[in-house]
Amino acid sequence: GHFRHQGETYFIEPLKLSNSEAHAIYKDENVEEEEETPKICGVTQTTWESDESIEKTSHLTNTPEQDRYLQVRKYIEFFVVVDNV
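No gaps in the numbering here: position 15 of the sequence shown is 15 in full-length UniProt numbering, and each next residue is one more.
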């Protein structure tokens, strides 16, 4: 999926690692240029070193079912609450 923050577009997608909830988040402008490891979210108690290789997200392919799902427009409500009390 994608989201916008302060005028910038960001993409988020799951990494295809077995038994992992890792996701990649990257800016729209850096999709083709950036060769760095994507930033990981949703993972606790882990380090950047891993026995499993992380495939570059641009090399991942979708199944026909995923392609059909991705072509339908979807909406989500997203709320962020920040409490500095």
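Ideal Cβ positions, reconstructed from N, Cα and C, are used throughout, including at glycine.
In the DSSP secondary-structure assignment, Ala22 is not bridged to any residue. Taking Thr9 as reference, the option from Arg73, Leu70, Leu17 and Tyr26 with the minimal CA-CA separation is Tyr26. Look at Arg68 here: in three-state DSSP terms it is helix.
For Glu29, the three-state secondary structure derived from DSSP is helix.
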